[in-house]
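Here the protein sequences line up with chains H and S, keeping their order.
Numbers 1 to 708, taken from full-length UniProt numbering, label the letters of the first sequence in order.
Numbers 1 to 708, taken from full-length UniProt numbering, label the letters of the second sequence in order.
Idealized CB from N, CA, C, for every residue including glycine.
Number of protein chains: 2
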Amino acid sequence: MSHASSSLDALFHPRSVALVGASSDPERIGGRPLRFMLEAGFAAPIYPVNRSGALIQGLQSYQKVSDIPFPVDQAIICVPVAGVEEAVRDAIAKGVKAIQVMTAGFAEIDAAGRALQDRIVGLCRAAGVRMLGPNSLGLLNVPARFFSTFSTFLNGAQPQPGSISLATQSGAFGSAAYGLATLRGLGFSKIIATGNEADVDVAESIDYLADDPDTRIICAAVESCRDGNRLRRALLKAARAGKPVLIMKVGRTELGAAAASTHTGSLAGNDKVYDTVFRECGALRPESIEEMLDIAYLYTVSGVLPANDELGVFTGSGGIGVLMADEAGAQGMELPPLPATAREATLALLPFAVAANPLDMTAQVTSVASGTSRTLGVMLEHTRYGAVLGYLAHVGLSPERFASTQQEIAELAAQHRERLTILVMLALPQVRSALEKQGVAVFEDPTRAVRAVAGLAKIRQRWQALYQLPGSAQPAAPALALDDVHTESGAKRALAAAGLPVPPEHLCSSAAQAAAAAAQVGFPVVAKIVSPDIAHKTEVGGVMLNLQDATAVDRAFGTLMDRARTARPDARLEGVLIAPMLRGGVEVILGLHRDPTFGQMVMYGSGGTAVELFQDVALASAPLTAARAQALVDAVRSSQLLRGWRGGPQYDEAALVQALCRLSEFAMQHADRVQSVDINPLMVRTQGAMCLDAVIELRAQTQQEAQP
Amino acid sequence: MSHASSSLDALFHPRSVALVGASSDPERIGGRPLRFMLEAGFAAPIYPVNRSGALIQGLQSYQKVSDIPFPVDQAIICVPVAGVEEAVRDAIAKGVKAIQVMTAGFAEIDAAGRALQDRIVGLCRAAGVRMLGPNSLGLLNVPARFFSTFSTFLNGAQPQPGSISLATQSGAFGSAAYGLATLRGLGFSKIIATGNEADVDVAESIDYLADDPDTRIICAAVESCRDGNRLRRALLKAARAGKPVLIMKVGRTELGAAAASTHTGSLAGNDKVYDTVFRECGALRPESIEEMLDIAYLYTVSGVLPANDELGVFTGSGGIGVLMADEAGAQGMELPPLPATAREATLALLPFAVAANPLDMTAQVTSVASGTSRTLGVMLEHTRYGAVLGYLAHVGLSPERFASTQQEIAELAAQHRERLTILVMLALPQVRSALEKQGVAVFEDPTRAVRAVAGLAKIRQRWQALYQLPGSAQPAAPALALDDVHTESGAKRALAAAGLPVPPEHLCSSAAQAAAAAAQVGFPVVAKIVSPDIAHKTEVGGVMLNLQDATAVDRAFGTLMDRARTARPDARLEGVLIAPMLRGGVEVILGLHRDPTFGQMVMYGSGGTAVELFQDVALASAPLTAARAQALVDAVRSSQLLRGWRGGPQYDEAALVQALCRLSEFAMQHADRVQSVDINPLMVRTQGAMCLDAVIELRAQTQQEAQP
């Protein structure tokens, strides 16, 4: 092991293993891991454990782990569920540092299974032993030939060493990804299936792999996540280590989420929150296993992320160039025009070419010596495109004819290792593999090639703006009191104390007070009923707009109180809020929500119906920096309404950004008490912004604590 | 030929061919078609034409087509561009019925090329000869072994016969699709590359293939389309013949469209119009070549479209089931719960299973004899799911172990040929091919399997609601006059005459008239300036709202006339329009647009900013039926605002649908004169709807004709 030591080393790099439940039958669950490791030549001692004590696949077996007369680093347990607890106790007694429990039948089945799982993980924790599983398909350390799995996928194809590592909760997902990857010749460093995650989870595995010198890119899949900040830290660590993380979250759509709840019994997290957290922490969420492998393949071959979002495309025929340009546009990539020097160089070389981007060499390119490779040379030398893609049809099927071009392309790519050089063509395996060794990736489908580049480009974008997890230190200022936030009036006071802009307004307990308050804030005014028992004021007719004079306000007070008493006879009425009637801004929504996994999330959306009709909202983890708050505003389409829409004015976006930052600070100061905040609307004006209404919901338990 | 005769038969099924420009070198453009046909065993006579008159690849050659002493059905021309016209004249003189021009250098290059192209197509038309190309990569009739192409793709892989046909404008696109298809073992019936489409285009090719008994599914690609109705008719014909059409349109995004204009010089059509026309005519637009081939593969294996949008999924492990459910949701498919009888049957068979949909057989399924195939049996017999997908990991890599299950699955699939039975697994080629022969499709990637089913399901949906092209008969009613539609007032009169609801309003030429008109329509009123020279009234302050009494109207008349005179001293002012001020409805936009390719298109969108911010609009080809107008309304998200949104009222959707139908009738009656109509807004009220503003733009030439 060349990297810093970790308590997971004994799982990934055991110096000796005991296989509890080992079987002589190489096709049985207890027989397979032994067979795989013996066939592959795992170098450390393997001690089969079996009641018979006989020879197992040629190795001396023992009746218990504690009978083994040598040191044992790790115990792999695949006995039936009834025997697991005893096996765990015995392994701990022997002094193992890590245990894998492959056996199923624990928390994923029923309450008794959960209790048993809690017991065995408790035993491990007490003894300082790390545990993988239960219900884990196992773990592979490919360079070490440590193939601790009963997956029959290894029957078909022994894993090849490579720089991709895979951390997955679901063994089936891991098997599927492994199978597809191996079929296309991708190699692995480590593969871990965390199963029920009683101890080791996908987040900790990613954290470990971020340190693993044999891992350059991490593929991962989660179904649920119990510690959002652990996952955040692991993703950020991988990003800072320069290792892309491609992470799938299953249970994406409503259909998928329903399936997840029958399957795992664990609450599927809010999908949009996962999207947000992955993006903020520099990870990419592929849409399919195949897309994940395409991106991993491209990165393992090229070794770099594209330096920008610009693609250069050259083809032997226009149609496919347009197809690739189409997909680039759909993926948010750019095809900037060829610079003048590149155009001149192209036409000097290929006078018949369409010297644009895509660059169409036309079929006549075959009449020019080294026409194709020299075109690539022009693209690499005269442009700054982060990635250059050439569509070469099927030349890779004729190795002799392609040989010199292939060599020239490989040399060019080697001189420009900071760029991505990609060929889209049909090719024989030896052609493909020779190109890959020189850093040239080969794709068969043009659309998939473009999508893979776009995936890596998104990772680069995200690495440039990583989220910063707040330190564990408490905020310097004492937490503000949140005693009385159950009404609009109280909520606004709390937000005003946190620095959010709130209009001058008065809670009035009589008509006369109301009329006086109105005169003070200035006509016209708004009058609203205030009661901790009436959350939706408009439903009881509890809001009156545009009151022009004292008489109207006087009348409104009585009307509002009467309406409230009639509609909700039991409601506690605190009075009527008098506020100035503001016009002429753009209404937006600011929100906070305490996600059970990831904590305080800030929400920003347009006002009106767009939030609901078009999901025109964006999320960000608190705390926000000003730059991240601005990015949140930019992510919402309706923000165009703030920016001289249809000849209208520029509204005060700086005030909006500041309000978002203040709200996020409020979230951090009250992280444990606040369940949600809705500021709906915040009116953004040409100068400043104003919270016109606000609701704060406290968390259930702390709410009880706060009550006398 | 077993189908009705067509003038394209001589292209696809020649009884003899002359190859003009034939070369002895089998690697040259003029040598390849000859070699391909000789190698493949094309049965009809081939006459090489070459100035030498020598033996060419073993065949007697002739100096001119007209020297050939036998009948010649088709001439294939691949001489340099300078010799093409002479070759065409000679072939016509010989009496050929069809000519392929493979040579490039015509309209795609410059004006001289276009002139030459026009000349040769003129010669062909005059002689009743059909022409493919110029700049065509050629044509393949695979069952007949007629391989008339110089594409080197055929060097690598000879085409296998199959039921897919391919019609493409771009030869490169055709080659790429052909190459990828052949690599995965798909077979073809016909392949045609139409190149510059001087005569035969993709639309006519689709029309021909719709009749071809050897074609069951048509793949197509267009870059531009010169006759929209020909394409519509061809797509509709294929749909009515029960042949799915998978059609790609390159130049999709703005990036792509820019590339198309450098490439072809032809105007890229409006992408959203293509989307609409494809959908209306029952075709599907895949996102990539790979997706096109996935869908074609699934259809050639299964032979049917899924009868509904319901998927049943069974797996050996939950994670992949959730992944597939996710993708199904994203694709608009459903995973309805297992019916009770299916649940009981599943649990009787596999007591440990999660008897839901996805159905998780769990790893224990291997302990039950025929567990997997019997689970499929339960799904097929106890449910109505149009497609059943089983994820079987990698069993297909172990043919012996999988043999009995494979046989049982094939038998079940054969008993349920009306359903789609799909396995997602890794499999050896012989396993895959045996299953495919029995109607079971095999995919490696779970996401792609779901997308392919969803693609076929969309085609079924579209076939159920095909667009009906209007007959060529003129409308019974005489076309209404469109003399004076250059103002709001005139446009509304024309629309009112077509049956659209227009408020009672009066064009007034004096303040007194205006005040009287206001009294007649009822206060409050709106007053608007009327001038054929002022299209955007609000820009000159030409609209005054909410006028409450005669005095206000009187003043407004003068104000509006003054403002207009000041802002546009040269404008012809017709007066002021007085209309009732309507409130309390939902504002939507109705539009017409005469697309240069596809003719009159109806547009529907929400009012307000959603059209621009969210592209919340939908298009339909005129004429509309009531059902298609309703579908247009349903396709716009903001239509939810009409349907009791947030406890609000139900607005009169029937009146909206009727207005759309009237507008579409107006479009058909004035198809040649109207360039566009904007009704913005139409106010949809709780009873009825009303056009509050309208602009009609006539086509430039007819506008000139209409002027004295």
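By the DSSP assignment, the beta strand (DSSP E) with residue i in it spans what residues?
i                      : result
residue 237 of chain S : Not the beta strand (DSSP E): residue 237 of chain S falls in the alpha helix (DSSP H), residues 228 to 240.
residue 333 of chain H : Note, residue 333 of chain H: premise wrong, no beta strand (DSSP E); not H, not E.
residue 446 of chain H : Run containing residue 446 of chain H: none in the beta strand (DSSP E); it sits in the alpha helix (DSSP H), 446 to 463.
residue 634 of chain H : Run containing residue 634 of chain H: none in the beta strand (DSSP E); it sits in the alpha helix (DSSP H), 626 to 634.
residue 544 of chain H : 543 to 547
residue 100 of chain S : 98 to 101
The alpha helix (DSSP H) with residue i in it runs from where to where?
i                      : result
residue 204 of chain H : 202 to 211
residue 431 of chain H : 429 to 437
residue 406 of chain S : 399 to 415
residue 168 of chain H : Residue 168 of chain H -> not in any alpha helix (DSSP H); beta strand (DSSP E) instead, spanning 161 to 168.
residue 37 of chain S  : 32 to 40
residue 669 of chain S : 653 to 669
For chain H, is any of its Cβ atoms less than 9 Å away from the one on residue i?
i                      : result
residue 403 of chain S : no
residue 379 of chain S : no
residue 318 of chain S : yes
residue 429 of chain S : no
residue 56 of chain S  : no
residue 21 of chain S  : no
residue 91 of chain S  : no
residue 81 of chain S  : no
residue 202 of chain S : no
residue 388 of chain S : no
residue 264 of chain S : Residue confidence for residue 264 of chain S is low, a pLDDT of 29 falling below 50, so the modelled location carries little weight; the figure read from the coordinates is stated next. Yes, residue 264 of chain S counts as interfacial toward chain H.
residue 183 of chain S : yes
residue 101 of chain S : no
residue 175 of chain S : yes
Quick one: is the Cβ of residue i within less than 8 Å of any heavy atom of the ligand GTP?
i                      : result
residue 146 of chain H : No copy of the ligand GTP occurs in the structure displayed, which carries no ligand at all.
Excluding the 5 residues preceding and the 5 following residue i in the sequence, name in chain order all residues of the same chain whose CB lies nearer than 8 Å to its CB.
i                      : result
residue 690 of chain S : 501, 502, 503, 582, 585, 682 and 683
residue 365 of chain H : 316, 350, 353, 371, 372 and 375
Can you find a C-beta in chain S that's less than 9 Å from the C-beta of residue i?
i                      : result
residue 394 of chain H : yes
residue 399 of chain H : no
residue 110 of chain H : no
To which residues does DSSP link residue i through a beta bridge?
i                      : result
residue 249 of chain S : S/222
residue 603 of chain H : H/591 and H/619
residue 580 of chain S : S/525
Short of 7 Å in beta carbon distance, which residues of its chain neighbour residue i, apart from the five on each side in sequence? Order them along the chain.
i                      : result
residue 414 of chain S : 438 and 439
residue 3 of chain H   : The predicted position of residue 3 of chain H is uncertain, since its pLDDT is 48 and thus under 50; no value can be drawn from it.
residue 380 of chain H : 388, 412, 416 and 419
residue 534 of chain H : 540, 542, 564, 568 and 571
residue 546 of chain H : 524 and 581
residue 54 of chain S  : 61
Note down, in chain order, each residue of its chain lying with its Cβ closer than 6 Å to the Cβ of residue i, except the 5 sequence neighbours on either side.
i                      : result
residue 178 of chain S : 153
residue 64 of chain S  : 90
residue 318 of chain H : 360
residue 457 of chain S : 306 and 309
- What runs of the alpha helix (DSSP H), each 4 residues or longer, lie entirely inside the segment 335 to 388 of chain S? Whole alpha helix (DSSP H) segments, 4+ residues: 340 to 349 and 371 to 382.
- Could you name each continuous beta strand (DSSP E) segment of 3 residues or more that falls completely within the UniProt domain "ATP-grasp" (492 to 528) of chain S, going from the start of the chain to the end? Listed in chain order, the complete beta strand (DSSP E) runs (minimum 3 residues) inside the UniProt domain "ATP-grasp" (492 to 528) of chain S are 506 to 508.
- Message: Report the start-end ranges of each beta strand (DSSP E) in the segment 56 to 80 of chain H that is 3 residues or longer and not cut off at the edges.
- Response: As far as the segment 56 to 80 of chain H is concerned, its whole beta strand (DSSP E) runs of at least 3 residues are 74 to 77.
- Query: Could you give the uninterrupted runs of the beta strand (DSSP E) lying entirely in the segment 277 to 330 of chain H, keeping only those of 3 residues or more?
  - Reply: Listed in chain order, the complete beta strand (DSSP E) runs (minimum 3 residues) inside the segment 277 to 330 of chain H are 311 to 315.
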